[in-house]
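At position 57 of the sequence shown the residue is numbered 61 (our numbering), and the sequence of numbers has no breaks.
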Amino acid sequence: MQTLDTKAVHQLYKAISLLQTEEECRAFLEDLCTIKEVLDMSQRLEAAQKLAQGDNYLDIAKNIGISTATISRVSRSLKYGSGGYEIILDRLTQEEAQEEEQE
Numbered sequence: 005m006q007t008l009d010t011k012a013v014h015q016l017y018k019a020i021s022l023l024q025t026e027e028e029c030r031a032f033l034e035d036l037c038t039i040k041e042v043l044d045m046s047q048r049l050e051a052a053q054k055l056a057q058g059d060n061y062l063d064i065a066k067n068i069g070i071s072t073a074t075i076s077r078v079s080r081s082l083k084y085g086s087g088g089y090e091i092i093l094d095r096l097t098q099e100e101a102q103e104e105e106q107e
């Protein structure tokens with residue numbers, strides 16, 4: 005079984021945590037990942053948002069274009085994962101609310 009507890013993985017986490025802007029994040033992910041990998045991750049995040057809003061698997065699959073198996077994996081992570089989706093979804097919601105207040 006693979007482990008995420010390696011020096012290289014910890015260095016990746018640290019590198020990501022050092023990014024300060026959306027532009028820096030874009031540049032890093034474009035250099036690090038393939039276009040497909042970035043798109044796949046963005047679809048998983050979008051699926052997590054839709055699941056958190058109560059959307060059903062079939063609507064999510066149709067609207068985002070991902071498999072119900074991937075949606076199921078995202079759902080399991082939301083329910084039983086490490087809490088990463090919740091952290092990001094909460095922060096994205098807070099940021100969107102702040103942007104709306106500024107308009």
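Note that CB positions come from ideal geometry on N, CA and C, so glycine has one too.
query                                                                                                             : result
Reduced DSSP secondary structure (H/G/I, E/B, other) of residue 90                                                : helix
Outcome for residue 89 when other beta-carbon atoms lying within 10 angstroms are tallied against a minimum of 16 : buried
Within 8 Å, strictly: CB atoms of residue 43 and residue 32                                                       : no
Rounded separation between residue 8 and residue 19 - CA only                                                     : 15 Å
Short Cβ contact (8 Å threshold) for residue 52 with residue 13                                                   : no
Residue 93 versus residue 46: straight-line alpha-carbon distance, rounded                                        : 13 Å
Terminal residues of the alpha helix (DSSP H) in which residue 33 lies                                            : 26-36
DSSP state of residue 76 mapped onto helix, strand, coil                                                          : helix
Distance, residue 99 Cα to residue 73 Cα                                                                          : 30 Å
Neighbour-count burial assignment, residue 84, 16 or more Cβ in a 10 Å radius                                     : exposed
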